[in-house]
Amino acid sequence: MHQPYPWPEGKRAAFVFSMDVDSDSPWAWINRDRSGPLYLSHLEQRRFGLREGIWRVLDLLERFDIRGSFYVPGAVAEAHPYLLPRLIAGGHEVGLHGWFHEFVTEISDAEFSEALERSLDLFHRQTGQRPPGLSLSGLGDDAAYAG
-9 MHQPYPWPEG KRAAFVFSMD VDSDSPWAWI NRDRSGPLYL SHLEQRRFGL REGIWRVLDL
51 LERFDIRGSF YVPGAVAEAH PYLLPRLIAG GHEVGLHGWF HEFVTEISDA EFSEALERSL
111 DLFHRQTGQR PPGLSLSGLG DDAAYAG
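If you count the sequence shown from 1, position 66 lands on 56 in the working numbering, and the numbers rise without skipping.
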């Protein structure tokens, strides 16, 4: 018979908080080949998150001593250079989310690699770290990551 996983300290449940901090990056990706966007209101809706929403969420998480996982496209981090350092300082996990939240089915392997390398470089410049969950299989070992 299968034994259930023993929860630490007698806990009976787990909670995960995860957020995509995409802002306007998917909008920019979708509209990249258009002479003009379909709806400007979509852009404003996406920008509200970084202007107001994320700070409310971070205050709430801090109040309840909860750490979350935040997935941030490189273009968003570049446009908001205070974001990654603030997330790291709060003890949150940060995952890179492409450069413009590209659809991997619409780009080549070389374009995907370039977006990844560009995001890694930006993360290192802004935080002085490399993402701790980075798997470098196929990219060399950890020592090969120069930031």
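Glycine is no exception: its CB is placed at the ideal position from the N, C-alpha and C atoms. All values derive from a computational prediction rather than experimental measurement.
Is the beta carbon of residue i less than 8 Å from the beta carbon of residue j?
i, j, result
"Leu188", "Phe7", "A query on residue 188 cannot be resolved here, the shown segment of the chain reaching from -9 to 137 and no further."
"Pro122", "Phe113", "no"
"Val66", "Val11", "yes"
"Trp19", "His91", "yes"
Let's see if you can read the secondary structure: which residues bound the alpha helix (DSSP H) around residue i?
i, result
"Val66", "Gly64 to Ala69"
"Glu107", "Asp99 to Thr117"
"Asp49", "Ile44 to Arg53"
"Leu40", "First-last for Leu40: undefined, no H or E at that position."
If residue i and residue j are in contact, beta carbons under 8 Å, what's the gap, nearest whole angstrom?
i, j, result
"Gly80", "Leu48", "6 Å"
"Gly58", "Met9", "6 Å"
"Ser109", "Trp89", "6 Å"
Could you name the residues of the same chain whose beta carbon sits closer than 7 Å to that of residue i, not counting the 5 residues immediately before and after it, in chain order?
i, result
"Thr117", "Leu74, Pro75 and Ile78"
Leaving out the 5 sequence neighbours to the left and right, which residues in its chain are closer than 8 Å to residue i when beta-carbon positions are compared?
i, result
"Leu40", "Val11, Ser13, Val66, His70 and Leu73"
Here's a check: name, in chain order, each residue in its chain whose Cβ is nearer than 6 Å to the Cβ of residue i, leaving out the five neighbours to either side.
i, result
"Arg115", "none"
**Prompt:** Would you call the region 52 to 64 and the region 6 to 22 touching, i.e. three or more CB-CB distances under 8 Å?
**Reply:** yes
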